[in-house]
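Be aware that the sequence shown starts at 0, since it is given in numbering that gives the first Met the number 0, and climbs by one per residue. Below: one structure, written as structure tokens.
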Amino acid sequence: MFPTKNNNFHKKIRTIKDYIFLVVVGSLTFIAILPLFHIIISIVIKGLPVIMEKGTTFIFGTLSEGGIGPAIVGTLILTFLATLIGLPLAFLAGVYIYEFSNSFIGRTTKMLLQIMLEFPTILVGTFIMGLLVVPMGTFSALAGALALAIILTPYVAVYTEEAMSEIPKIYKEGGYALGCTRAQVIFKIITKMAKKGILTGILIGMAKVSGETAPLLFTAGGLYEVYPTNPLQPIGAIPLLIYTLVQSPSPEDHKIAWGAALVMLIIFLAIFIPIRYALKDDIKL
């Protein structure tokens with residue numbers, strides 16, 4: 000027989016506090032995501048009319064024709080080459096940090112990779128310029144891809160190490176108990192179970208490099224009147240084209256820049272959303 004007015008009063012106070020907490024958290028969450036929705040809506044509103052007006056010419060035409068075809072192909076090529084170069088090294092680095100987390104080299108490598116996450120990407124561009132562009136005497140897709148691969152590496156490596164570290168050690172011990180080698184335990188057991196986190200890191204790394212501009216200023220050069228065919232020659236990219244167009248006083252160039260921004264957003268969402276949706280459930284062996 001304990002229900003009293005005092006207990007009811009405290010219950011109402013707790014209910015009010017819970018309600019206030021939910022309102023505050025909801026409001027702050029809305030404020031946090033509002034800039035993102037504002038950016039997306041602005042790009043769609045200003046970019047869609049440009050694409051609708053120019054039609055397929057905007058997607059497949061050259062810049063002189065009012066299109067961004069070479070820039071689209073250039074972005075896809077650079078992202079593919081950067082992933083091809085950086086992914087194996089980044090994955091192996093993440094595996095090494097996971098397996099030898101207590102060693103001096105493992106701790107140092109992890110610290111350096113975490114520093115690289117916040118490293119100014121324009122410095123990567125200048126480094127590759129001195130390493131590759133100046134000796135070759137020309138900008139190139141290879142130089143741009145190498146710069147982007149360096150930027151991609153820490154994202155994939157850090158996410159790989161963190162995803163593998165979240166797997167309970169009992170699975171690792173069980174693999175050794177069954178007579179598996181270290182390579183079999185890492186690549187056939189731990190990697191499969193951590194696949195969701197690893198692929199998330201790969202997606203974030205690809206999204207990061209596909210939108211980079213600063214390193215391409217010193218490595219890619221830009222190519223918008225013909226489609227790229229040689230990795231040792233200059234190449235264009237959508238972010239680099241947008242950067243160039245927004246500096247122009249021409250309103251027509253600004254319209255193309257908005258359309259290019261929408262195309263880049265569509266490419267990113269078309270890659271990111273389906274894969275993330277496919278990975279939403281727990282990975283099963």
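Even for Gly, the Cβ is constructed at its ideal location relative to N, Cα and C.
- Fewer than three pairs of CB atoms, one per stretch, sit closer than 8 Å, so the region 187-201 makes no contact with the region 227-234.
- Collapsing the DSSP output to three states places Ile-67 in coil.
- DSSP places Tyr-170 in the uninterrupted alpha helix (DSSP H) bounded by 168-176.
- Under DSSP, Ile-234 shares a beta bridge with Gly-220.
- Annotation: the continuous alpha helix (DSSP H) that includes Ile-121 extends over 120-127.
- Beta-carbon to beta-carbon, Phe-57 and Ile-67 are separated by about 7 Å, close enough to satisfy the 8 Å threshold.
- Within the region 149-214, the runs of alpha helix (DSSP H) at least 4 residues long that lie entirely inside it are, in chain order, 168-176 and 194-209.
- Residue environment analysis places Gly-178 among the exposed positions, since fewer than 16 neighbouring C-beta atoms fall within 10 angstroms of its C-beta.
- With contacts defined as CB atoms closer than 8 Å, Thr-108 and Tyr-158 fail to qualify as a contacting pair.
- Three or more beta-carbon pairs drawn from the region 145-160 and the region 111-127 are found closer than 8 Å, and the two stretches are therefore classed as touching.
- Within its own chain, no residue has a Cβ closer than 8 Å to the Cβ of Ile-19 once the five positions on either side in sequence are excluded.
- Taking a contact to require three or more Cβ pairs closer than 8 Å, the region 156-171 and the region 206-213 do not qualify as touching.
- Here Gly-220 has Phe-138 and Pro-233 as same chain residues with Cβ atoms under 6 Å from its own Cβ, once five neighbours each way along the sequence are excluded.
- Here the region 253-269 lies against the region 42-49, with 3 or more beta-carbon pairs under 8 Å apart.
- Scanning its chain for C-beta atoms nearer than 6 Å, with the 5 sequence neighbours on each side dropped, one finds around Gly-85 the residues Ala-148, Leu-151 and Thr-152, in chain order.
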